[in-house]
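Going by full-length UniProt numbering, the first residue of the sequence shown is number 1, and it counts up by one from there.
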Amino acid sequence: MYDLLIKNGKLTNGDIIDVAILNGKIAELGSNINEVATKAIDLQGLHYLSAGWVDLHTHCYPLSPIYNDEPDLIGVTHGVTTVVDAGSVGADDIDDFYRLTQQSATNVYSILNISRIGLLRQDELADMSDIDLDVAKTAITNHSNFVVGIKARMSGSVVKNNGLAPLVRAKEMQAQNNNLPLMVHVGNNPPNLDDIAELLTEGDIITHCYNGKPNRILTPEGELKESMKKAIKRGVILDVGHGGASFSFDVAEQAIKKGIYPDTISSDIYCKNRISGPVRSLSHIMSKFLTIGLPMEQVIECVTTNAANALKITTKGRLEVGKDADITIFNILNEPCTFEDSEQGSRKGSESFLPLACIVSGKLITTQHGEQHNVFNA
Ligand SMILES: [Zn+2]
Numbered sequence: 001m002y003d004l005l006i007k008n009g010k011l012t013n014g015d016i017i018d019v020a021i022l023n024g025k026i027a028e029l030g031s032n033i034n035e036v037a038t039k040a041i042d043l044q045g046l047h048y049l050s051a052g053w054v055d056l057h058t059h060c061y062p063l064s065p066i067y068n069d070e071p072d073l074i075g076v077t078h079g080v081t082t083v084v085d086a087g088s089v090g091a092d093d094i095d096d097f098y099r100l101t102q103q104s105a106t107n108v109y110s111i112l113n114i115s116r117i118g119l120l121r122q123d124e125l126a127d128m129s130d131i132d133l134d135v136a137k138t139a140i141t142n143h144s145n146f147v148v149g150i151k152a153r154m155s156g157s158v159v160k161n162n163g164l165a166p167l168v169r170a171k172e173m174q175a176q177n178n179n180l181p182l183m184v185h186v187g188n189n190p191p192n193l194d195d196i197a198e199l200l201t202e203g204d205i206i207t208h209c210y211n212g213k214p215n216r217i218l219t220p221e222g223e224l225k226e227s228m229k230k231a232i233k234r235g236v237i238l239d240v241g242h243g244g245a246s247f248s249f250d251v252a253e254q255a256i257k258k259g260i261y262p263d264t265i266s267s268d269i270y271c272k273n274r275i276s277g278p279v280r281s282l283s284h285i286m287s288k289f290l291t292i293g294l295p296m297e298q299v300i301e302c303v304t305t306n307a308a309n310a311l312k313i314t315t316k317g318r319l320e321v322g323k324d325a326d327i328t329i330f331n332i333l334n335e336p337c338t339f340e341d342s343e344q345g346s347r348k349g350s351e352s353f354l355p356l357a358c359i360v361s362g363k364l365i366t367t368q369h370g371e372q373h374n375v376f377n378a
């Protein structure tokens, strides 16, 4: 007997599927599963399901004095089954962060700030002595199932007079820790994007990839910068990391027109840009990509398979037997909506993702929209 059976969910390719869950894992996938389950819900072919959504770039250490939030308020409340905190926490606070996340319904992972102090201050990489490779190694080793990457915020306001030096240290840290994924934030220069990109290797992640600052990925003429062409060819990953200051519709549209697609779509959400915009939720950011022409299937891939692959999280991101039973149930709302970027730009759209529920390790959690639609009372 299964714990949970989801009948007639619609996949993004239109296929209808049943998913059976046992002991927190996907136990069976098929077109007509009839075995008994403790609980069953029927989506009647009306609602979509996908692997659980993963937000690769969030800020959810509740005690960060700068960027903080609660994992569940950015996670399961909006159909997101996994949130990854991108650098709010360094080695000094990782024990505390791990302890706090154990109370969340949402899965939480950490991309450890290479600065041991984390986002205690806006300029956490101004003092090179805060990048301590030994302390970082201990933190990563002690939390090998929690720390899934390392983060270097490479903008002028963060590194001050240190230029590229923190990134050079980050590459050393990566090499010392099983080639852990490295996420690099690009913002205001210096350092220049060209110099940052040159240091990145296969699997490294550039976040804020469609920022509208001078350090954007495009030249003033709208061409992809030469350094970025080479980086992408080497296998560097492009992550959206929308945030309050790092997403431009103009840049995203120009880039996508040239075939420079996001590998992963993430929000850079924290309480302020969640409540006041322009971020609001991961699904809101996903809807912006629908609006500028990305197919739904591709958007979903960015927040499932691609996100899990980027961080080498092998148990998530796919609807496959044996994977964690993390699933998002959603629909598309057809209503006019205006979307805003971080640069006073806006676009009018007609479709939005509407998360109805998610399942985390086999447990069903209905969102507010799901309650209103009254779909899950079976
Ligand atoms: Zn961030």
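Think of the CB as a built atom: it goes at the ideal place given N, C-alpha and C, for glycine as much as any other residue.
Answer with buried or exposed for residue i, where buried requires no fewer than 16 other C-beta atoms within 10 angstroms of its C-beta.
| i | result |
| --- | --- |
| Gly75 | buried |
| Lys316 | buried |
| Ser50 | buried |
| Arg169 | buried |
| Met228 | buried |
| Val36 | exposed |
Residue i by DSSP, collapsed to three states: which one?
| i | result |
| --- | --- |
| Ala336 | In the sequence on display, residue 336 carries Pro and not Ala. It is a strand residue. |
| Val36 | coil |
| Thr77 | helix |
| Thr305 | helix |
| Ala310 | helix |
| Asn179 | coil |
| Ala86 | strand |
| Val184 | strand |
| Cys358 | strand |
| Leu330 | It should be pointed out that residue 330 corresponds to Phe in this sequence rather than to Leu. Looking at Phe330 - three-state DSSP - the assignment turns out to be strand. |
| Gly203 | coil |
| Ala27 | strand |
| Ile265 | coil |
| Val299 | helix |
| His57 | strand |
| Asn113 | strand |
Does the Cβ-Cβ distance between residue i and residue j come in under 9 Å?
| i | j | result |
| --- | --- | --- |
| Gly24 | Ile329 | no |
| Leu29 | Asp3 | no |
| Lys348 | Cys337 | yes |
| Leu164 | Gln174 | no |
| Thr207 | Ser266 | yes |
| Leu193 | Lys225 | yes |
| Val360 | Thr106 | yes |
| Ile300 | Ile6 | no |
| Ala197 | Lys230 | yes |
| Val54 | Val303 | yes |
| Ile140 | Ile131 | no |
| Arg99 | Leu125 | no |
| residue 380 | Leu112 | Residue 380 lies beyond the stretch modelled for the chain, which goes from 1 to 378, so this question has no answer here. |
| Ile17 | Glu320 | no |
| Leu218 | Pro191 | no |
| Glu202 | Lys258 | no |
| Leu133 | Pro65 | no |
Alpha carbons only, please: which of the options is nearest the one belonging to residue i?
| i | options | result |
| --- | --- | --- |
| Gly241 | Gly212, Gly203 and Gln44 | Gly212 |
| Lys312 | Pro62, Ser246, Tyr109 and Gly349 | Tyr109 |
| Ala273 | Ala126, Asn113, Lys233 and Leu73 | Correcting the residue identity first, residue 273 is Asn in this sequence and not Ala. Looking at the Cα atoms, Leu73 is the closest of the given residues. |
| Ala357 | Ala20, Ile275, Lys137 and Ile41 | Ile41 |
| Asn331 | Leu63, Phe339, Ala307 and Ser287 | Ser287 |
| residue 385 | Val251, Leu364 and Phe339 | Here the chain covers residues 1 to 378 and nothing more, so residue 385 does not appear. |
| Ala136 | Ala86, Cys271 and Ile114 | Ile114 |
| Glu343 | Leu282, Ala307, Ser246 and Phe289 | Ser246 |
| Ala308 | Arg116, Gln254, Asp263 and Asp69 | Asp263 |
| residue 379 | Arg318, Ser281 and Cys271 | With the chain running from 1 to 378 in the structure shown, residue 379 is simply not present. |
| Gln122 | His143, Glu340, Val89 and Leu180 | Val89 |
Counting only C-beta atoms, is residue i closer than 9 Å to chain D at any point?
| i | result |
| --- | --- |
| Gln372 | This model lacks chain D altogether; it includes just one protein chain. |
Following a CB-centred definition, is residue i positioned closer than 8 Å to any heavy atom of ligand 3?
| i | result |
| --- | --- |
| Ala310 | With respect to small molecules bound, the structure shown includes ligand 1 and not ligand 3. |
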